[in-house]
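Here the structure comes first, spelled out in structure tokens, and everything after it is commentary.
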Amino acid sequence: MNRTKIGLPLLILLIVIMLYFAYTYGIVEEEKEIDIEEEIETVPDIIIEQRGAQTYAIENETQAVIYQGDDTSAIRAAVKSISQGTILVREGTYTITSPIVVGSNTQLIGDNSILTGHRIFRVYDASNVRIAGFEFRGPGEEYVRHTGSYGLVQVAHSNNLLIEDNTFSKFSNYGIYLSTRSTSDYNEEISIRNNQFLDYGYCGVMVGKQASSIYIEDNLFRDINTLKLNTNSYGTAVAKGSNEYRYSEYIYIRNNIIENNPMWEGIDSHGSNHLYIENNRIIDCRIPISVSHITEDNIYPESLHDVSITGNYIDGNLDAAKQDSGIYVIGGRNGGETPYINVTLKDNVIKEVNNWLYGDDGAIVLQNVDKALIYNNSISDVGGTGINLENANNVLVQKNQIKDLVTISEPRSAISVSHVTKDYEIDIEDNFVDLSADCKIHFEASPEVSEKEVCIVDLSDFSLSDIDTGAQNILI
Numbered sequence: 351m352n353r354t355k356i357g358l359p360l361l362i363l364l365i366v367i368m369l370y371f372a373y374t375y376g377i378v379e380e381e382k383e384i385d386i387e388e389e390i391e392t393v394p395d396i397i398i399e400q401r402g403a404q405t406y407a408i409e410n411e412t413q414a415v416i417y418q419g420d421d422t423s424a425i426r427a428a429v430k431s432i433s434q435g436t437i438l439v440r441e442g443t444y445t446i447t448s449p450i451v452v453g454s455n456t457q458l459i460g461d462n463s464i465l466t467g468h469r470i471f472r473v474y475d476a477s478n479v480r481i482a483g484f485e486f487r488g489p490g491e492e493y494v495r496h497t498g499s500y501g502l503v504q505v506a507h508s509n510n511l512l513i514e515d516n517t518f519s520k521f522s523n524y525g526i527y528l529s530t531r532s533t534s535d536y537n538e539e540i541s542i543r544n545n546q547f548l549d550y551g552y553c554g555v556m557v558g559k560q561a562s563s564i565y566i567e568d569n570l571f572r573d574i575n576t577l578k579l580n581t582n583s584y585g586t587a588v589a590k591g592s593n594e595y596r597y598s599e600y601i602y603i604r605n606n607i608i609e610n611n612p613m614w615e616g617i618d619s620h621g622s623n624h625l626y627i628e629n630n631r632i633i634d635c636r637i638p639i640s641v642s643h644i645t646e647d648n649i650y651p652e653s654l655h656d657v658s659i660t661g662n663y664i665d666g667n668l669d670a671a672k673q674d675s676g677i678y679v680i681g682g683r684n685g686g687e688t689p690y691i692n693v694t695l696k697d698n699v700i701k702e703v704n705n706w707l708y709g710d711d712g713a714i715v716l717q718n719v720d721k722a723l724i725y726n727n728s729i730s731d732v733g734g735t736g737i738n739l740e741n742a743n744n745v746l747v748q749k750n751q752i753k754d755l756v757t758i759s760e761p762r763s764a765i766s767v768s769h770v771t772k773d774y775e776i777d778i779e780d781n782f783v784d785l786s787a788d789c790k791i792h793f794e795a796s797p798e799v800s801e802k803e804v805c806i807v808d809l810s811d812f813s814l815s816d817i818d819t820g821a822q823n824i825l826i
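Residues 351 to 826, numbered by our numbering, are exactly what the sequence shown covers, in order.
What follows is the structure, given as structure tokens:
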């Protein structure tokens, strides 16, 4: 047998095996390097720790004691001692008796640390700040009635902030408050993510005036005002505007869970342009989502514009004492002169809302809105009306599913068009409505509005009645 013929294939096989092991080893080494890099933690510049009855602020590199004494003064001394760097607060319960002002380029990291107090951190006139890993608590076992405009963490005129992986509980006012002290204050590029807001009295996250590029994402808000001490309460909210201040804009409220607010709203906005409420899960809240244009001074110089409410899951509670409608979008309260412009409501699931309202009822309620798309929403087990359009213009209602309407008043209407006082255009196309609706489309206008001034298209299966009465029902 020719040894050359045998040896050559063996040599090729050996080379292939060597290349395979070399390649596999390289992958393993690369993965090890990645894992090692991911495990690297930031080395703190200052450490806060409790020793007996004393709290110490210690410089990590030299182990020099910066301060020894009470909790509040130790953390304040640590913050004041660095122009930039990381402060680690070690395990323990710390009582904060007055707010601690945090400067720029600072990381505050909690390691199983609990901070209790009414006002804990103030981030004023700062940039590049991260607050992570703390449990913030109000000072008592239970929250009390909402009495002031302050938060456990309060921000003013700051930018590039990250507040993440914290727990806020037992507070009476705000968990996080993006505040505005004057017309020269702006809050920008702030991310609030992966936090928990539990068992509190008023508002988890409040976005004040003149805020922009605010991201409220992947948070949990649960058991809000269950003691019913406050008339209003919120998961997260955007505050009212005024004639003196710019409206907030580019507010992103996404992928949050909001559960159990029996008194008021899961997500609320009173004044924002470019508002995005997307992919949230809102369970058992009296008013799941409310977007409106309200000002402190009752002056409406301009319309608000651009709101997208998409991909949300809303499940109310028809057994509650009062369960309101599902989603509200309401323009300026000045007789329709400043409608909310460019509104999108798409791909939402809305069920078990409204068990008492005879007006302003619906899974979706639009009032004083111009240019709206209501598309591919799933609506079921809703009291009274599926989609309610009051003084709404340039609206396309398309490919929505409306079923299992519940009787609150007669008739049960899949889609209602009302408060029509001038030329309006509303297109209703390709929606699915089951037999639970007594009235598929209800149309009500003032007597001076004629049928021709309202365009409802693609209605070959419907008929009009009582055109001259000012109230029209479109029935199958």
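Built from N, CA and C at the ideal position, the CB exists for glycine as well.
Out of 656, 725, 756 and 566, the CA that lies nearest to the CA of residue 528 is found in 566. By a beta-carbon distance limit of 8 Å, residue 488 contacts residue 522. Their separation comes to about 6 Å. Between the C-alpha atoms of residue 450 and residue 496 there is a straight-line separation of about 22 Å.
In this model, residue 481 and residue 540 are separated by some 12 Å (Cα to Cα). Bounds of the beta strand (DSSP E) holding residue 561 are 561–567.
Going by DSSP, residue 429 is part of the alpha helix (DSSP H) stretching over 421–430. In the three-state scheme derived from DSSP, where H, G and I count as helix and E and B as strand, residue 643 is classed as strand. According to the DSSP assignment, residue 507 belongs to no beta strand (DSSP E), since it is labelled neither H nor E. DSSP lists 730 as the bridge partner or partners of residue 753. Leaving aside the five residues that flank residue 534 on each side, none in its chain has a CB nearer than 7 Å to its CB. For the 7 Å CB-CB criterion, residue 693 and residue 719 form a contact. The segment 633–646 makes contact with the segment 660–675; the number of CB pairs closer than 8 Å reaches 3 or more.
For residue 585, the enclosing beta strand (DSSP E) has its first and last residue at 584–588. Under the three-state reduction of DSSP output, residue 452 falls in the coil class, being neither helix nor strand.
Here the C-alpha atom of residue 472 lies approximately 32 Å from the C-alpha atom of residue 658.
When beta bridges are read from the DSSP output, residue 592 appears opposite no residue. The alpha carbon of residue 503 has as its nearest neighbour, out of 580, 491, 474 and 406, the alpha carbon of 474. Judged by DSSP secondary structure, residue 470 falls outside any beta strand (DSSP E); it is assigned neither H nor E. A distance below 7 Å between beta-carbons, with the five flanking residues on each side excluded, links residue 563 to the following residues of its chain, in chain order: 538, 539 and 600. In the displayed model, residue 676 falls within coil according to three-state DSSP, outside both helix and strand. Counting the other CB atoms within 10 Å of its CB gives residue 684 a total below 16, which places it among the exposed residues. In this structure, residue 511 lies near residue 479, with their beta-carbon atoms less than 7 Å apart. Residue 445 is positioned such that its CB atom lies no closer than 7 Å to that of residue 485. The beta carbon of residue 607 lies closer than 6 Å to those of 570 and 631 in the same chain, with the five residues before and after it left out.
Annotated three-state conformation of residue 493 is coil, per DSSP. Residue 407 is positioned such that its CB atom lies closer than 7 Å to that of residue 424. By the neighbour-count criterion, in which 16 or more other beta carbons inside 10 Å mark a residue as buried, residue 611 falls on the buried side. Going by C-alpha positions, residue 602 is about 43 Å away from residue 415. Cα atoms of residue 597 and residue 560: separation of roughly 5 Å, rounded to the nearest angstrom. Apart from sequence neighbours up to five positions away, the residues of its chain that approach residue 730 with a beta-carbon distance below 6 Å are 701, 753 and 754, ordered along the chain. No Cβ-Cβ contact shorter than 7 Å links residue 655 with residue 617. Taking a 10 Å sphere around the C-beta of residue 520, we find 16 or more other C-beta atoms and assign the residue as buried. Residue 466 and residue 490 have their C-alpha atoms some 9 Å from each other. A distance below 6 Å between beta-carbons, with the five flanking residues on each side excluded, links residue 715 to the following residues of its chain, in chain order: 675, 678 and 738.
Between the alpha carbons of residue 526 and residue 550 lies a gap of roughly 12 Å.
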